[in-house]
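In our numbering, the protein residues as written are 10 to 167.
We treat Cβ as the ideally placed atom computed from N, Cα and C, and that holds for glycine.
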């Protein structure tokens with residue numbers, strides 16, 4: 010498992026807000042990396058006022074979603090400024106600018122990372138899911154020990 014130590018995803022933490030997934034406000038940062046059989050998540054809020062460290066067992070990972078979508082705030086801003094004429098620019102930008110995010114689902118929490126396109130999230134996802142399969146697979150059945158050697162003078166029972 011030490012081969013996977015350098016695989017990590019960096020970005021901005023996400024929040025679930027109603028039915029929307031949005032990036033956290035401010036200059037928050039999140040790093041999710043594989044450390045042994047754990048996913049280590051470090052979240053630092055704006056200006057370092059709050060720091061969180063979450064360690065999740067890779068065995069608990071149920072699924073990982075990679076998605077992209079528009080910036081919803083551009084559409085809202087577009088409708089709010091439509092009367093002044095500049096709203097159309099925000100609505101057009103809403104159609105073309107996309108954000109990317111990754112969600113790691115476990116039984117208890119969801120870790121959301123908004124990332125830049127340059128990161129290899131597909132490799133991260135396949136590595137975590139491969140490790141989860143390995144850790145969750147039943148151990149190999151033990152083979153029975155070999156029969157003891159026959160002692161002289163004993164008869165074999167068949």
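| First through last residue of the alpha helix (DSSP H) which encompasses residue 141 | 130 to 145
| Which partner residues of residue 113 appear in the DSSP bridge assignment? | 73 and 120
| query | On the premise that residue 114 lies in contact with residue 77, defined as a C-beta separation below 8 Å, what is that separation, rounded to the nearest angstrom? | reply | Not really, about 18 Å apart at Cβ, beyond 8 Å.
| query | Thinking just about the alpha-carbon of each residue, which of 54, 84 and 69 is nearest to the one in residue 146? | reply | 69
| Straight-line gap, residue 129 to residue 16 (C-alpha atoms, nearest Å) | 9 Å
| request: Count the other CB atoms, across all protein chains shown, that sit within 10 Å of the CB of residue 110; report buried if there are 16 or more and exposed otherwise. | output: buried
| query | With distances taken between CB atoms, is the gap from residue 24 to residue 106 smaller than 9 Å? | reply | no
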